[in-house]
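Using my numbering, you'd call the opening residue of the sequence shown number 399 and step up by one each time. Below is one structure; the comments refer to it alone.
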Amino acid sequence: MPGEMQYFSSSLPKPGTLINMDQSVQKRAANYKPNIWKYELLQSLTSKYTEEKYERKAQKLKDELISGMFVDVKDPLSKLELVDCILKLGLAHYFEEEIKEILNNISSAKSSSFWMERDLYATALCFRILRQHGYEASQDIFMGFLNENGKFKASTASNAEALVELFEASNLGSEGDNILNEARLFSIRSLKSYFAKNSDCNLALNLPLHWTAEWYDIKKQIFKYEKNDKINSKLLDLAKLNFNIIQASHQKDLKEITRWWLELGITDKLSFSRDRMVESFLYAGGVAFEPQHGSLRKWLSKVIKLVLIIDDVYDIYGSFKDLECFTDAVIRWNPEEIKDLPECMKICYWTLFNTTDEIAVEIQKEKGWNSVSTHLQKAWADFCKSLFLEAMWDDKGYTPSLEEYLDNASISSSGPLLSLHVILGVENQPTKDVSEILEDNKDIIHYTSLIIRLCNDQGTSTAELERGDAPSSILCYMRQANVSEEVARKHIDNIIIRTWRKINSYCIKNTSFLEEFVKYIINEARVAHFIYQHGDGFGVQDGQHRKRVLSNLIEPLALN
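This is how it looks when you write it as structure tokens:
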């Protein structure tokens, strides 16, 4: 494997200077740093794990594990822990039938599961995994751990492992699950107290498993299980091999998408905008990491890149008059409308116009949908209209109420646009019209889009305030409620938590007929947590960000 410095630049020019012919038009400086990745060198990425012999080796390990590991595990708790391990290592697709059999047995017997009654860890683990897989799991399973006041007994706060599992379970709570609300508060409070006394113990409270995109977490889980001497060594070998095989398929996709971007040749002409093609691909991979979704990753990567460019046009570059013209041209899908725009905005428009048409043709050819172009064009029009409304607020110096802001922000988040591509990219041989599917799933799309926007605001609002961008949800609430930024951030955190409960309620209510694409739509929200957890994952390419890209896309795991 070549050294990591081959793939990114260590010496960068100073940010913030616009170098194209339209410099006088730019309305504010973004100070985005230049791209650190060397696209030409990324074309040299190779992996031996594309070879068929590694697929055969993985299949051999799977067969050995089925005939050994599942037979050896007898008691219910050990079976649950095995399922949990398989899920965290990203191996569920290898053992779907075995997992289903275990969960069916545990679900049907849970009313007589005396092994859970006094074990908070086992109870929380059982609840989380059952509810995660759509099985009926009532919050009443925790009644035995409550005192007469409906609070968790103090005696349950002594086991950190059980508290972590309780915290994870609480994040699958739905609307009205008051016991799980209490479980969340109790577990957080107790774990903070525990951590204060045990500084060597660093169990993550920041991002629950349920909010975590699976692909980004697999490597960390592998490293964690390597330290567990009880784990089946063949299972760990399969996890490492599987990660490398998937990473190799992502590298192939990454080379294709960066080649597309290079061949467009427009980077220097859009120097005001974030050049984040690698990041766009990384985040598309978080939505759908499985090898069979290569086309979806490609389409999402292009869409995310276009979203960044157009967002920067509205936030940073275009005058109000030019943005009005640009928006009208997207609504009418008519290039003749852009003749009076600055050159770089024409380039943005033509890139959007041509790329959308190319994606529509590919989707129609690969997936069998009809009238794809019409739906993609409408989604882009809605997105641009929402950005234009924010630009209008900015132009007039108007701060909307939080409610007014969120009504628009769920669209400007790009969530509906991404979700449309997910639906078109996951579904094969469609039996419903696109409009009907969008209507049937409008709630889950809205909830996901809201989380994308709120996570974005949490990560970027400070920099946006410094630039003078249009108000975010945080600023809207600060002014509406006359509170500090800290109080406003906590309020937004609570909205995110409540929105996740709505997502959970939706999934529980619709368990029997949830479409496959719903999982990937929800993954958009999980990816948003990943992007903005430590700040602006698109605007800032810092050391932590670079490590994430290298870990997920460049560096394979060492095999025994």
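Glycine included, C-beta positions come from ideal geometry on N, C-alpha and C. These numbers come from a predicted model, not from an experiment.
> Can you list, in chain order, the stretches of the alpha helix (DSSP H) that have 4 or more residues and sit fully within the region 855-935?
Replying inline: 871-879, 883-907 and 914-930
>> Here's the rule I'm using: 16 or more other beta-carbon atoms within 10 Å means buried, otherwise exposed. How should Val469 be labelled?
In response: Mapped onto the sequence shown, residue 469 falls at position 71. Looking at its Cβ environment, which holds fewer than 16 other Cβ atoms inside 10 Å, Val469 is exposed.
>> Below 8 Å on the Cβ atoms is my contact criterion, and I expect Lys783 with Thr725 to pass it. Report the Cβ-Cβ distance as a whole number of Å.
In response: Translated into positions along the sequence shown, residue 783 becomes position 385. Translated into positions along the sequence shown, residue 725 becomes position 327. Going by Cβ atoms, the distance from Lys783 to Thr725 rounds to 6 Å, so yes, they are a contact pair.
> Would you say Thr846 and Ser812 are within 8 Å of each other, going by their C-beta atoms?
Replying inline: Taking the sequence shown and counting its residues from 1, the one referred to as residue 846 is at position 448. Taking the sequence shown and counting its residues from 1, the one referred to as residue 812 is at position 414. Taking 8 Å as the Cβ cut-off, Thr846 and Ser812 do not qualify as a contacting pair.
> Run through DSSP, which three-state label would Gly550 get?
Replying inline: Numbered from 1 along the sequence shown, position 152 holds the residue referred to as residue 550. The sequence given here places Phe at residue 550; Gly does not occur at that position. Note: Phe550 maps to strand in three-state DSSP.
> What is the C-beta distance between Ile906 and Ser572, in whole angstroms, given that I count them as a contact (C-beta under 8 Å)?
Replying inline: In the sequence shown, residue 906 corresponds to position 508, counting from 1. In the sequence shown, residue 572 corresponds to position 174, counting from 1. Confirmed, Cβ separation roughly 6 Å.
> Using 8 Å as the threshold, is the region 603-619 in touch with the region 483-491, meaning 3 or more CB pairs across them?
Replying inline: yes
> Would the beta-carbon of Val711 fall within 8 Å of that of Cys746?
Replying inline: Start at 1 with the first residue of the sequence shown, and residue 711 comes out as number 313. Start at 1 with the first residue of the sequence shown, and residue 746 comes out as number 348. Closer than 8 Å, so yes.
> Roughly how far, in whole angstroms, is the beta-carbon of Leu652 from the beta-carbon of Leu440, given that I think they are within contact range, below 8 Å?
Replying inline: On the sequence shown, residue 652 is found 254 positions in, with the first residue counted as 1. On the sequence shown, residue 440 is found 42 positions in, with the first residue counted as 1. Contact holds; Cβ gap of about 6 Å.
>> Just to confirm before moving on: does the CB-CB distance between His648 and Gly684 stay below 8 Å?
In response: Stepping through the sequence shown from its first residue, residue 648 is reached at position 250. Stepping through the sequence shown from its first residue, residue 684 is reached at position 286. Taking 8 Å as the Cβ cut-off, His648 and Gly684 do not qualify as a contacting pair.
>> Do Phe565 and Leu528 have their beta-carbon atoms positioned less than 8 Å apart in this structure?
In response: Indexing the sequence shown from 1 puts residue 528 at position 130. Indexing the sequence shown from 1 puts residue 565 at position 167. Contact: no.
>> Is Arg587 close to the ligand NAD? I mean its beta-carbon at under 7 Å from any heavy atom of the ligand.
In response: Here there are no bound small molecules, and the ligand NAD is not part of this structure.
> Quick one: is Phe543 buried, meaning 16 or more other Cβ sit within 10 Å of its Cβ, or exposed?
Replying inline: Position 145 of the sequence shown, counting from 1, holds the residue named residue 543. By the 10 Å Cβ count, Phe543 comes out buried.
> What is the DSSP secondary structure of Trp435, reduced to helix, strand or coil?
Replying inline: On the sequence shown, residue 435 is found 37 positions in, with the first residue counted as 1. Of the three classes helix, strand and coil, the one that applies to Trp435 here is strand, per DSSP.
> Roughly how many angstroms separate the alpha carbons of Lys638 and Ile952, rounded to a whole number?
Replying inline: In the sequence shown, counting from the first residue as 1, residue 638 sits at position 240. In the sequence shown, counting from the first residue as 1, residue 952 sits at position 554. Using only the alpha carbons, I get a separation of about 14 Å.
>> If you measure between the beta carbons of His943 and Leu605, is that distance less than 8 Å?
In response: As a first step, residue 943 is located in the sequence shown; it is residue number 545 there, counting from the start. As a first step, residue 605 is located in the sequence shown; it is residue number 207 there, counting from the start. Result no, Cβ atoms of His943 and Leu605 do not sit closer than 8 Å.
>> Contact defined as beta carbons within less than 8 Å: I believe Ser810 pairs with Leu836. What is the distance between those atoms, to the nearest angstrom?
In response: Position 412 of the sequence shown, counted from the start, is the residue given in the question as residue 810. Position 438 of the sequence shown, counted from the start, is the residue given in the question as residue 836. The Cβ separation is near 18 Å, so there is no contact.
> Can you list the alpha helix (DSSP H) stretches of 4 or more residues lying completely in the region 782-831, in chain order?
Replying inline: 800-810 and 813-824
> In the DSSP assignment, what residue or residues form a beta bridge with Leu636?
Replying inline: On the sequence shown, position 238 is the one that residue 636 refers to. Bridge partners of Leu636: none, in fact.
>> Within a Cβ cutoff of 7 Å, which residues of the same chain sit near Leu800, ignoring the five residues on either side of it in sequence?
In response: By one-based count along the sequence shown, residue 800 stands at place 402. Only Ser871, Cys874, Tyr875 and Gln878 meet the Cβ criterion.
> Going by C-alpha distance, which of Leu463, Thr554 and Lys700 is nearest Ser678?
Replying inline: Here residue 678 refers to the residue found at position 280 of the sequence shown. Of Leu463, Thr554 and Lys700, the residue nearest in Cα terms is Lys700.
>> What residue range does the alpha helix (DSSP H) around Thr725 cover?
In response: Mapped onto the sequence shown, residue 725 falls at position 327. Note, Thr725: alpha helix (DSSP H), Phe718 to Arg730.
> For Pro954, which of helix, strand or coil comes out of DSSP?
Replying inline: In the sequence shown, residue 954 corresponds to position 556, counting from 1. If DSSP states are grouped into helix, strand and coil, Pro954 belongs with coil.
> Hey, quick one: how far does the alpha helix (DSSP H) through Ile464 stretch, first residue to last?
Replying inline: Working through the sequence shown from its first residue, we reach residue 464 at position 66. Glu450 to Asp470 is the extent of the alpha helix (DSSP H) around Ile464.
> Under the rule that 16 or more other beta-carbon atoms within 10 Å means buried, what is Arg899, buried or exposed?
Replying inline: The residue given as residue 899 occupies position 501 in the sequence shown. By the neighbour-count rule (16 or more Cβ atoms within 10 Å), Arg899 is buried.
> Would you report the Cα separation of Thr753 and Glu559, rounded to the nearest angstrom?
Replying inline: Against the sequence shown, residue 753 aligns to sequence position 355. Against the sequence shown, residue 559 aligns to sequence position 161. So the two alpha carbons sit approximately 49 Å from each other.
>> If you follow the alpha helix (DSSP H) that Leu475 is in, where does it begin and where does it stop?
In response: Here the question's residue 475 lines up with position 77 in the sequence shown. Its alpha helix (DSSP H) spans residues Pro474 to Lys486.
> What number of angstroms, rounded off, separates the C-alpha of Gln421 from the C-alpha of Ser669?
Replying inline: Your numbering for residue 421 matches position 23 in the sequence shown. Your numbering for residue 669 matches position 271 in the sequence shown. For Gln421, the predicted model reports a pLDDT of 40, less than 50, meaning its position is unreliable; a value from the coordinates is still stated below. Roughly 10 Å between the two C-alpha positions.
>> On the criterion of 16 or more Cβ atoms from any shown chain inside 10 Å, does Lys703 qualify as buried, or is it exposed?
In response: Here residue 703 refers to the residue found at position 305 of the sequence shown. Counting Cβ neighbours within 10 Å, Lys703 comes out buried, since at least 16 surround it.
> Going by alpha carbons, who is nearest to Lys628 out of Tyr437, Met467 and Ala779?
Replying inline: As a first step, residue 628 is located in the sequence shown; it is residue number 230 there, counting from the start. Lys628 has its Cα closest to that of Met467, out of Tyr437, Met467 and Ala779.
> Is the CB-CB distance between Glu453 and Ile643 below 8 Å?
Replying inline: Reading the sequence shown from its first residue, position 55 is the one you call residue 453. Reading the sequence shown from its first residue, position 245 is the one you call residue 643. In contact: Glu453 and Ile643 (Cβ atoms closer than 8 Å).
>> If I measure Cβ to Cβ from Gly401 and keep anything under 6 Å in the same chain, skipping five residues before and after, which residues do I get?
In response: To locate residue 401, count along the sequence shown from 1; it is residue 3. With a pLDDT of 44 at Gly401, under the threshold of 50, the modelled position of that residue is not reliable, and no figure is offered here.
> Distance, Cα to Cα, Gly766 vs His691?
Replying inline: As a first step, residue 766 must be located in the sequence shown, where it is residue number 368. As a first step, residue 691 must be located in the sequence shown, where it is residue number 293. Answer to the nearest angstrom: the Cα atoms are 16 Å apart.
> From the DSSP output, which residues share a beta bridge with Leu561?
Replying inline: For the purposes of this step, residue 561 is taken as residue 163 along the sequence shown, with counting starting at 1. Beta-bridge pairing links Leu561 to no other residue.
> Closest to Glu654 by CA distance: which of Met675, Thr665, Asp666 and Leu634 is it?
Replying inline: On the sequence shown, position 256 is the one that residue 654 refers to. Among Met675, Thr665, Asp666 and Leu634, the Cα nearest to that of Glu654 is on Met675.
> Is the beta carbon of Ala868 sitting closer than 8 Å to the one on Glu802?
Replying inline: In the sequence shown, the residue the question calls residue 868 occupies position 470. In the sequence shown, the residue the question calls residue 802 occupies position 404. Not in contact: Ala868 and Glu802 (Cβ atoms no closer than 8 Å).
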